[in-house]
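This report refers to the structure that appears directly beneath it.
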Amino acid sequence: MSQALFPTMRETPAEAEITSHQLMLRAGLIRRVAPGIYNLLPFGFRAVKKVEQIVREEMDRKGAQELLMPVILPAEPWIETGRWTAYGDDMFRLKDRHGKDFCLAPTHEECITTLVRNEVTSYRQLPLLLYHITNKYRDEVRPRFGVMRAREFIMKDLYSFDATVEGLLESYNKMYDAYCKVFDRCGLVYRAVEADPGAIGGSGSHEFMALADYGEALIAYCDACGFAANVEKAEVVPGQAGLYDVHPNVHPKMLEQKTPEAAGTVAPKPQRRKALKKVATPNVHTIQDVVDYLGVPVTDTVKTLFCWALRPDGTKELVAGVVRGDRELNLVKLKNLLGAVETYLAEAGEVLQHASVPVGSAGPVGLRGIRVFADVEVEAMTNFVCGANEEGYHYINVNAPRDFQPEKYADLRVVAQGDVCPRCRKERLEFARGIEVGQVFKLWTKYSEALGCTFTDEKGEKRPMQMGCYGIGITRTVAAVIEQNHDDKGILWPMSVAPYHAVVMPVNSKDSRQMEVARQVYAEMTDLGVDTLLDDRDERAGVKFMDADLMGFPYRITVGQTLAEKGVVEIRSRRTGHVDFVSPEAAAGTVRTLVEKALADVNGSK
RNA sequence: CGGGGCGUAGCGCAGCUUGGUAGCGCACCAGCUUUGGGAGCUGGGGGCCCCGGGUUCAAGUCCCGGCGCCCCGACCA
């Protein structure tokens, strides 16, 4: 260790916000090269390789084959699938000396599909599971949290090719199962949640979320039935939206009783429809303003949001989404409803220019030339308030369909605290944050059709292959492991991912007897297959102890005073602090047993 | 891209208001002491003060322009 690069830091670098990022810098796993781009130092690289190895074992166990595809990919296949445009600015692009377009691969569907198209022609060659582990590139709008949301990252992606839909489902289930094993073995607390397939395309998808307070993804789950979904995906109970709404005057304690009746959250009684009226509302631009100024409950207001919907052909359309004032418009649901490639909020200036509407005073009444979509909840509302599409005015006593008629009512809002589980419809949804460490998709024939990846079936007919794609963010997984396994002193590596299982530490490197015994124990442990580091640095004991805690070696073998006094060395568990004293001769064997036990615990009985 | 903040030694920062020899802590090098929880003393090395222009006798400091980075938001496998 005295001759190795393990640069630990006592102080926390200002650039790091979350614990895993801070610890990865402080314990010497990574160093920043550019925003979202990192050097993996020896210590960090070892952790990465441990995760990779676990992934390889579980992929291979399912009959997958590893290969390696390039990081630089030509544009043509991307143009064929339409993703050369769809990926937009998230893709790093470059040209060769002849002016030909290339990209740094953000993912490899196009590449692998082209490969399989050229090499596989018969149903007899299927199913096929192919994967690789390599760098991926996404020019993130905002890289952050170190390796967690980086622009360059290591990813395992596997692609399945099947002859039939049943085959695809089988491959999907295999991978789902393999992913559970991978994350179990990494010692992560995670949930598999239903997800929107996003830019990859296809439908039917699960995300594997490592639970963490600083996770970027919000997930909704139900303790009663096990339902779990990304909030952007989670449906609101169809046909019953609003029924179990939490009214603003319901005391939170009442919610704990879990039943809608007990919580006093029954549907609003039908009210007589009052006459539509335009009222002056100077300087009222937000829902909060409306509530304050007009003194109405927020549940009697509606907000109208303008979005651009990007169509598959590259053109875009301005549409309006209407949700209750305290709700959040779910852009993913809107996107899926419209069959759009992407939806994003329009800017105030654009709305004024294209719809002649000031965004702070927008409403669905009298909106011309723009398609309006409303959340189902709005359909049940009576006598509500909305903007009058005129600066300084709102309508009150609005009622549909009398005052406006959206093109369609649909589930368009983000699920909220207190919503009923869309699956079992018994319990309320709980929310948690997670780090997305993996995702599995069914791609069906999206890419095989676009790229002509076909095979000949038993009847001699040509058919497109049924594809699936399955990713694991390797570097992100390492960060998630640290996020979940640390204390105020440093990292608490699970044995399976630990860069080293143990560190052997002579307390005083000038004590030749200690050094000699330490070297001996180190050599024996290495011989026994225990990943061991020898801390032979000429540092004070305190420094070495602090570094060992920071770097999180699961076991520390301390060779110090007790050697001279009692002829024993100390084996200390980083996680529990438990200490055993054993003779130097027994140390290596004891540690090996401990390491094997820890690995067996996490690997299950396989 | 919008809002906020910051660019001074490897890291963390002060100095800028009110212009006048570039500093502190940690780290680093040498020596002595020390050696079971981030040692002590002595000596030492290290700077394009983000870049460019301007004002001035004089700019880290003031003015103009640019660049970069971080945070919040929007966005995202």
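Okay, so the first sequence: first residue is 3 according to the working numbering, each after it adds one.
All residues carry an ideal CB built from backbone N, CA and C; glycine is no exception.
None of the values given here were measured: they were computed from a predicted structure.
Leaving aside the five residues that flank I289 on each side, the residues in its chain whose CB is nearer than 6 Å to its CB run, in chain order, T303, K305 and G327. By a beta-carbon distance limit of 8 Å, M507 contacts T560. Their separation comes to about 5 Å. Under the 10 Å beta carbon count, T534 is surrounded by 16 or more other beta carbons and is classified as buried. For the pair of segments examined, the segment 45-55 was found not to touch the segment 66-83: the number of CB pairs separated by less than 8 Å stays below three. Within the same chain, and ignoring the five residues on either side of A194 in sequence, the residues whose Cβ sits closer than 6 Å to its Cβ are H208 and F210.
CA-CA distance, C113 to G46, rounds to 29 Å. Residue G389 holds the alpha-carbon nearest to the alpha-carbon of D405 among G389, T136, L170 and L106. When secondary structure is reduced to three states using DSSP, T564 falls in the helix class. Remark: C-beta atoms of V238 and V417 approach each other more closely than 9 Å.
With respect to F8, D540 sits apart: the two C-beta atoms are not nearer than 9 Å. Straight-line measurement puts the Cα of F457 at about 11 Å from the Cα of E451. Distance from the CA atom of F229 to the CA atom of R425, rounded to whole angstroms, is 7 Å.
Buried is the label assigned to A66, since at least 16 other Cβ atoms lie within 10 Å of its Cβ. In the DSSP assignment, W310 is bridged to L320 and Y346.
In the DSSP assignment, W86 falls within the alpha helix (DSSP H) that extends over R85 to A88.
Under the three-pair Cβ rule at 8 Å, the segment 213-225 counts as touching the segment 421-436. Around the Cβ of G371, a 10 Å sphere holds fewer than 16 other Cβ atoms; the residue is exposed. Bounds of the alpha helix (DSSP H) holding T595 are P586 to N605. The C-beta distance from V334 to E234 rounds to 4 Å, short enough to fall under 8 Å.
With contacts defined as CB atoms closer than 9 Å, F104 and P76 qualify as a contacting pair. The bridge partners DSSP lists for E68 are Y133.
Runs of the alpha helix (DSSP H) lying entirely within the segment 97-170, each at least 4 residues long, are 111-121 in chain order. In this structure, G473 sits away from V499, with a CB-CB distance that is not shorter than 9 Å.
Rounded to the nearest whole angstrom, the C-alpha separation of Y178 and F308 is 38 Å. When C-alpha distances from A18 are compared across A180, I32 and S575, the shortest belongs to I32. Straight-line spacing of the CA atoms in V286 and V57 works out to 55 Å.
According to DSSP, residue pairing for L75 in a beta bridge involves C105. The beta-carbon separation of L128 and A165, rounded to 5 Å, stays under the 8 Å limit for a contact.
Under the DSSP assignment, T528 falls in the alpha helix (DSSP H) whose first and last residues are S514 to D529.
Rounded to whole angstroms, the separation of the alpha carbons of A152 and G217 is 14 Å. Shortest Cα-Cα distance from N232 to any of L431, V387, R542 and V483 involves L431. In summary, Y557 is buried, with 16 or more beta-carbon neighbours lying within 10 Å of its beta-carbon over all protein chains present. When secondary structure is reduced to three states using DSSP, K51 falls in the helix class. Around the C-beta of V378, 16 or more other C-beta atoms lie within 10 Å, and the residue is accordingly described as buried. The C-beta separation of L414 from N391 comes to about 20 Å, leaving the pair out of contact by the 8 Å criterion. In this chain, the alpha helix (DSSP H) harbouring L339 covers L333 to L340.
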